[in-house]
Every structure is written in structure tokens, then in C-alpha cells.
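One structure is given here, and the rest of the page talks about it.
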Amino acid sequence: MMRALLLVGMGGALGSMARYLCQRWMAESYPHAFPFGTFAVNLSGCLLIGLFWSLTLKGGDQPDTWKLFLMTGVCGGFTTFSAFSLESIGLIRENRIGFFLLYVSGSVTLGILATFAGMKLGRLFTP
Numbered sequence: 074m075m076r077a078l079l080l081v082g083m084g085g086a087l088g089s090m091a092r093y094l095c096q097r098w099m100a101e102s103y104p105h106a107f108p109f110g111t112f113a114v115n116l117s118g119c120l121l122i123g124l125f126w127s128l129t130l131k132g133g134d135q136p137d138t139w140k141l142f143l144m145t146g147v148c149g150g151f152t153t154f155s156a157f158s159l160e161s162i163g164l165i166r167e168n169r170i171g172f173f174l175l176y177v178s179g180s181v182t183l184g185i186l187a188t189f190a191g192m193k194l195g196r197l198f199t200p
């Protein structure tokens, strides 16, 4: 159990730091009303979790180690549903309903497609 917690914690720390850097860079590069940072982080996280899922499908102890570190840890720390929810409410409060609809529908639809693409991509690397 301690090993699993360490793997998840280390992965989560790396994912959180990567999210911070990505969101900061996006905010500085694209200072618009649309929350591009969280949008990009969540979509790339969906692609990554699909890829990691495909690459660890084999079973056994090794893939469980990688699933804990990469999927639960890194992807869990990298993506952020709470920020997505808060930013969605912010768009409503600012009466930016068009951006709200685009953000919510785009995040969900493209997130599912990105996860599927990651799974397909991962299958290219596994026999």
C-alpha cells in the first residue's frame, strides 16, 4: 500500500507542476476570455490517459505500477475537473453564454475523442 501511495503521490506532484506551467504559459500567451489553459490541459490529459491505458493493457505487476504512476498520479494531477467547473460558472456569471456552451460541449466531446485517439495511438506501440 505504501508503494502505491508513493507512486500516485510522485506522479501527482509531476502532473500538478506540469499543469501549473502549462496553464501559466497559456494564460500569458493567450490572454482572452476563453479558458485555454484548462481546456488544453484537460484535452491533452485525456489523450495521455488513453495512450497510457493502451500501453499498460498487458496485465501483471509492471503495468499496475505504471497505471498507478502515470494514470492515477500524473494524469490525475495534470487534469482538473474542479477548475473546469469553476471556469464554466465564471463564464455564466460574466454572461459569456456562447463561450460557456463552447467550453463545456467542446471539453466533453473533444475529451472523449482525445481519450479514444490516445487508446488507438497506444495500440500502435503494443503487439
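Residues 74 to 200 (the numbering used here) are what the sequence shown spells out, left to right. Glycine included, every Cβ here is placed at the ideal spot set by N, Cα and C. Because the structure is a prediction, the values reported are computed rather than measured.
Please determine, among Gly82, Gly191, Ile185 and Val114, the residue with the shortest C-alpha to C-alpha distance to Phe157. Val114
Gly171: buried (16+ other C-beta within 10 angstroms of its C-beta) or exposed? exposed
Among Leu121, Ser155, Phe154 and Thr153, which residue has its Cα nearest to the Cα of Lys140? Among Leu121, Ser155, Phe154 and Thr153, the Cα nearest to that of Lys140 belongs to Leu121.
Out of Arg76, Ala86 and Leu80, state which residue places its alpha-carbon closest to the alpha-carbon of Phe151. Ranking Arg76, Ala86 and Leu80 by CA distance to the CA of Phe151 puts Ala86 first.
Report yes if the C-beta distance between Gly123 and Gly195 is below 8 Å; otherwise report no. For Gly123 and Gly195, yes; Cβs fall inside 8 Å.
Does Phe107 come out as helix, strand or coil in the three-state DSSP assignment? coil
Taking the alpha-carbon positions, what's the Phe107 to Gly84 distance? 28 Å
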